[in-house]
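Numbering (full-length UniProt numbering), first residue to last: 1 to 281.
Listed below in structure tokens is the structure:
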């Protein structure tokens, strides 16, 4: 089953497969401008993990027309996604990995769509986002829409449910991303563009999907086992009763999915200047 995008903000976006797709986290960017003035004094900015630099790559020539960025955790899955996009757009299907020299991430450009894998967990996606944001800035991109696509653990929902998050929260059910800068705790709010959520919901109502589509909150943990209350990790200092009580509290708080990248994704995209519909992300 495939999803086709109707007229509107998605006019030129090709179809995407919903196979194995458990979650879509999204946000929208009006322009790419950041506050790091240190970049202005660099003779060369090396996007180390992408294997690109301002001296060796003409960012404006290569990436100036990017309008959509699609991220996911698996390199092979994102390559397959890029190949499908190319086929739908009737472009060369064997798209090259533009980040091959970096040896860390995969990066594909298909028309106006940039496709990349972010690996697993917050540290990995944080590195990718820093370098993608700078790439888009150097390319002079405008009105970019970000999507994160991937599988997530479901909470009280049928397997295979397509979830569109309306908010991303931490393991204490708070919509904040925490990181430590110079040894000090810094908190940044998460934000998901409500207008884009509404567009995706409206889209799902116009097509025939062989799965349930759900809008809810997603919980982002820093671990696959203990922070997600699993009982089968190498360590477990809580009981099954404790686990069930925690997951029930999460469900009562409106949480329907669990994953490991959403906090960083939604907070950092918002911080980078992503459009806030009707007030804020």
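Think of the CB as a built atom: it goes at the ideal place given N, C-alpha and C, for glycine as much as any other residue.
- [ ] Look at the alpha carbon of residue 73 and the alpha carbon of residue 262, and state the distance between them as a whole number of angstroms.
- [x] 12 angstroms
### 8 angstroms contact criterion, which residue 132 and residue 250 should meet: CB distance rounded
That belief does not hold up - the Cβ atoms of residue 132 and residue 250 are roughly 30 angstroms apart, past 8 angstroms.
Between residue 264 and residue 219, what straight-line distance do the alpha-carbon atoms span, to the nearest angstrom?
12 angstroms
message = Going by C-alpha to C-alpha distance, which of 71, 88, 134 sits closest to residue 106?
response = For residue 106, the closest of 71, 88, 134 by C-alpha to C-alpha distance is 71.
| query | Ends of the beta strand (DSSP E) at residue 165? | reply | 162 to 169
Cβ-based neighbour list, residue 112, same chain, cut-off 7 angstroms, excluding 5 preceding and 5 following: Taken in chain order, the residues that qualify are 12, 65, 66, 67, 68.
Grouping DSSP H, G and I as helix and E and B as strand, with all else coil, what is residue 22? Because the pLDDT at residue 22 is just 37, under 50, the model does not fix this residue reliably, and the value given afterwards should be weighed accordingly. Coil, per DSSP.
Q: Could you check how far apart the C-beta atoms of residue 290 and residue 81 are, in whole angstroms? I think they sit under 8 angstroms.
A: One cannot answer for residue 290 here, as it falls past the ends of the chain, which runs 1 to 281.
From the DSSP output, which residues share a beta bridge with residue 176? 189
_Give the list of continuous alpha helix (DSSP H) stretches no shorter than 4 residues that lie fully inside the region 62 to 115._
75 to 88
Through-space distance from residue 204 to residue 245, alpha-carbon basis:
33 angstroms
Pull up the distance between the alpha-carbon of residue 99 and that of residue 125, whole angstroms please.
Counting only the Cα atoms, residue 125 lies some 15 angstroms from residue 99.
| said: Mapping the DSSP letters down to three states, classify residue 267 as helix, strand or coil. | reply: helix
Fill in: Extent of the continuous alpha helix (DSSP H) run through residue 140
Where residue 140 is concerned, there is no enclosing alpha helix (DSSP H), given that its DSSP letter is neither H nor E.
Give me the Cβ distance between residue 217 and residue 169, rounded to the nearest whole Å; I'm assuming they're in contact under 8 angstroms. 6 angstroms
State the Cα-Cα distance for the pair residue 171 and residue 194, rounded to the nearest angstrom.
-> 22 angstroms
Candidates 117, 236, 60: which alpha carbon is nearest residue 103's?
If we check each option's Cα against that of residue 103, 117 comes out closest.
Original post:
Distance, Cα to Cα, residue 237 vs residue 56?
Top reply: For residue 237 and residue 56, the distance between alpha carbons rounds to 51 angstroms.
Quiz prompt | Cα-Cα separation between residue 255 and residue 61, rounded to whole angstroms | solution = One C-alpha to the other measures close to 42 angstroms.
What first and last residue would you give for the alpha helix (DSSP H) that runs through residue 231?
Segment: none, residue 231 is in no alpha helix (DSSP H) and carries neither H nor E.
**Q.** Straight-line Cα distance separating residue 241 from residue 120
**A.** Roughly 28 angstroms separates the two Cα atoms.
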